[in-house]
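2 protein chains.
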Amino acid sequence: MTTARKAPITLHDVAREAGVSLATASRSLNGSARRVNEDYRKRVLAAAAKLNYTPNTSAQAVAKGTTNTVALLVADIADPYFSSIAAGVIRSAEDAGLIVTMAATERSPERELTLVRALRGQRPRVLILAASRVAEEASQDALIAELAAFEAMGGRVVFISRNELDFDSVLVDNYGGARQLAEELIGLGYRRFAALAGDLSLLTAQDRIAGFTDGLAAHGIELPPDRLVRTGFTRDGGHAGMLELAGRGLDDVELVFTVNDVMAVGAMSALRESGREPGVDVGIAGFDDIQTARDVTPALTTVRIPLEEVGRRAIARALLPSPESGEPATPTATEVMLRASTPGPRPGG
Amino acid sequence: MTTARKAPITLHDVAREAGVSLATASRSLNGSARRVNEDYRKRVLAAAAKLNYTPNTSAQAVAKGTTNTVALLVADIADPYFSSIAAGVIRSAEDAGLIVTMAATERSPERELTLVRALRGQRPRVLILAASRVAEEASQDALIAELAAFEAMGGRVVFISRNELDFDSVLVDNYGGARQLAEELIGLGYRRFAALAGDLSLLTAQDRIAGFTDGLAAHGIELPPDRLVRTGFTRDGGHAGMLELAGRGLDDVELVFTVNDVMAVGAMSALRESGREPGVDVGIAGFDDIQTARDVTPALTTVRIPLEEVGRRAIARALLPSPESGEPATPTATEVMLRASTPGPRPGG
DNA sequence: GCCCTTCGGGAATATGCTTTCCCGCAGGAC
DNA sequence: GTCCTGCGGGAAAGCATATTCCCGAAGGGC
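Written out as structure tokens, the structure reads:
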């Protein structure tokens, strides 16, 4: 009984068991356009239950020419930003009877392209690209071409937080959120800012920085170039960036904005290592509102993105009839969350 | 050019383009046992590249009778414990040329069973169950039966942190880690403990509590029943549990152990709300060593599990020849990480 | 009462691919 | 020079399912 490897039971077996034809069995089980006599139907269902039959989805896919698969591409599934989005995607894909397959680009555009190509082999119904876009990118055109081919053969492409003409997308108001954040921070009394910009080749980082600096500019405040540190888009990037900033000896900085929360967390840690207390000595603000932002001490001021909902909206859009041309979907609203990490500048500042 | 929906190009097209037979085209592209003339092979490859051909994996699966799919079942993808494991799984599955599909049980045994059944339709090569086991469970037998059927038809089952006879697993030394933690905390001088036990119907929670209490017992210390709070296995569960504990007015408790890190984080937050400072007034220790444990203040003492590696080991084991009977794999070692949340009891305690 | 629909079961075909099987051809042994 | 062997191309037979097409039977209209 160990290595018996008995073949999985097929629709054939069910049909035989029920004493009906293959066609009738198929029709009974997945309710086609054709109706089937109630007696037969029951017999088939009973046989299927008795044999513990499960339709072979691959065979169904081949026969029908479509799958029930959603392919999701993220940069790094261990990053809370992406795992929250993934949770939303999985949840609502499941509600729609879709299976989701995931792959990680590890933030490499080349890998992204390779994966898209490979994923195309799966003939997924929809392909969701959540890995952020890089501004300058040789493989960009190749990606677009690949995706266009994918859509031409009937698949649906949805970008997350990345506006790509000709493709559908769930947008996030990165610019607006960052701008609003800047203004509210000014409202708290902050005047001297610095920013950790993540990798500026990432459009998301660019947008947030642009929104933030514009928000400052609207109040006549400038963000001097030497106070904008380019660094990795990760926690460790934030850590390194803060050390770099400290190394520049800008002692009068009142608030450091990082383009995402994980960087803020790294920055806070670096700040402490250099003997200063986040919130007290220097304000910190991030972007995304990952769970950790609320758990960290002091709680992190940030811009909230409803991450799970973004995931849900992605598959919702994918299931809608094709928008026929990228009417660029109203961006998901963001919300500034002021918390303890930005109590306002210290009186003696 | 919008709704053209041109059919995806098939192996047929490639063969025609290259002027060879279907068989030769197939053999050239996936290197079968049969060799094919180098000239032909090149012609086929060129044709495939020119047409931008991608094999239809569903068709391949049907023809071969196997897939390249790994199905991964987790409780909640947004939980860092699971997303870290998932990251490991995805990474090394990909190295092995496997695609991973994910689903979330939302911690419901019924859902788990339903999903396993549905996933079976995919005929995955391996099925990884990472959602924790519930002790008393009506659907348990059904699950086992389902999985046995799955293995009988050639699939591989790997449990994560859950020892199920007859199935392979990657184990985690929950008991040993917790026990070691208890002893080290005693070494720091702590004597009066309490614990937030998560849902005690979860075996993982049980093991950790057992290890912890046994560790205490080895030094003649007891964990009175009224100091063990059953609560949810989540962050909010930890929060609620800590409030509950505080409500019991046990003011002499020096250290609170929570069965996982997310609960510890919730507990720290609750502690602050009730006016006490984690680490200073009460020590806190968790389990898992998720990233946040290091980012929180004070940094959380915990028991480290190499989560990503656990994921990698899961697919590594799945790819090995079947162990033929559950020799229960040496458990993955855990490591106690003493951090600032347990500086030792306050002198005046 | 006859003809025309409609209903619905079943045989057969299609899907895109792998693999078996057949067969021709070239090369080596004697 | 014949026979045998082995290499490798191509036709064809699967794989598990969906769907088209055919056809008999039942029902309704006049």
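So the sequences go chain by chain: A and B. Residue 226 in our numbering sits at position 226 of the first sequence, with consecutive numbering throughout. Heads up: take any position in the second sequence, counting from 1, add 1000, and you land on our numbering. Ideal placement from N, C-alpha and C gives every residue a C-beta, glycine not left out.
Residue 157(A) and residue 147(A) do touch by the CB rule: their CB atoms are close to 5 Å apart, below 8 Å. Out of 1236(B), 1029(B) and 1313(B), the CA that lies nearest to the CA of residue 1096(B) is found in 1313(B).
Residue 56(A) reaches chain B at 1061, 1062, 1121, 1122 and 1123, counting residues in chain order whose Cβ is nearer than 9 Å. A residue is called buried once 16 or more other Cβ atoms fall within 10 Å of its Cβ, and residue 1141(B), having fewer, is exposed.
Across the set 310(A), 105(A) and 123(A), the C-alpha of 123(A) shows the shortest separation from the C-alpha of residue 1061(B).
Of the residues assessed, residue 320(A) falls on the exposed side of the cut-off, its CB having fewer than 16 other CB atoms within 10 angstroms. The Cβ atoms of residue 143(A) and residue 186(A) lie no closer than 9 Å to each other.
For residue 1209(B), the three-state secondary structure derived from DSSP is helix.
Secondary-structure assignment with DSSP links residue 1242(B) through no beta bridge to anything. Contact note: residue 84(A) reaches chain B through 1078, using a C-beta cutoff of 8 Å and chain order. For the set 207(A), 251(A), 194(A) and 226(A), the Cα lying nearest the Cα of residue 264(A) is the one of 194(A). By the rule that beta-carbons nearer than 9 Å mark a contact, residue 1296(B) touches chain A. Not one beta carbon of chain B lies nearer than 9 Å to the beta carbon of residue 132(A). Counting along the chain, the unbroken beta strand (DSSP E) around residue 156(A) starts and ends at 156 to 160. Shown in chain order are the members of the region 85 to 98 of chain A whose Cβ falls below 8 Å from a Cβ of chain B: 86, 87, 90, 91 and 94. The C-alpha of residue 1128(B) is placed about 25 Å away from the C-alpha of residue 49(A). Between residue 347(A) and residue 190(A), the CB-CB gap reaches or exceeds 9 Å. A check of alpha carbon separations from residue 300(A) across 338(A), 274(A) and 310(A) identifies 338(A) as the nearest. Within the region 1021 to 1101 of chain B, the alpha helix (DSSP H) runs of at least 4 residues that lie entirely inside it are, in chain order, 1022 to 1030, 1038 to 1051, 1057 to 1064 and 1080 to 1095.
At a Cβ-Cβ threshold of 9 Å, residue 120(A) and residue 159(A) do not count as neighbours.
For residue 1196(B), the enclosing beta strand (DSSP E) covers residues 1193 to 1196. Counting only Cβ-Cβ distances below 7 Å, residue 1292(B) has contacts in chain A at 292 and 295, in chain order. Contact between the region 1038 to 1053 of chain B and the region 1196 to 1204 of chain B is absent: fewer than three C-beta pairs spanning the two stretches fall below 8 Å. The alpha-carbon separation between residue 1229(B) and residue 234(A) amounts to approximately 36 Å. Residue pairing by DSSP places residue 285(A) opposite 257(A) and 301(A) in a beta bridge. Here DSSP, grouped into helix, strand and coil, assigns residue 1183(B) to helix. The Cβ atoms of residue 1103(B) and residue 90(A) sit closer than 9 Å to each other. A straight-line Cα-Cα distance of about 10 Å links residue 1266(B) and residue 294(A). Listed by position along chain B, the residues whose Cβ is nearer than 7 Å to that of residue 117(A) are 1054. According to the DSSP assignment, residue 127(A) belongs to no alpha helix (DSSP H) but to the beta strand (DSSP E) extending over 126 to 129. When the beta-carbon positions are compared, residue 106(A) and residue 76(A) come within less than 9 Å of each other.
Taking 9 Å as the cut-off, the beta carbon of residue 1154(B) is found no closer than this to the beta carbon of residue 1179(B). Here residue 335(A) is bridged, per DSSP, to 304(A). For the region 101 to 112 of chain A, the set of residues with a beta-carbon nearer than 8 Å to any beta-carbon of chain B comprises 101, 102, 103 and 104, in chain order. With a cutoff of 9 Å on beta-carbon distance, residue 1030(B) and residue 1055(B) are scored as near each other.
The beta carbon of residue 1022(B) sits closer than 8 Å to the beta carbons of 1011, 1012 and 1015 from its chain, once the five residues preceding and following it are set aside; these are given in chain order.
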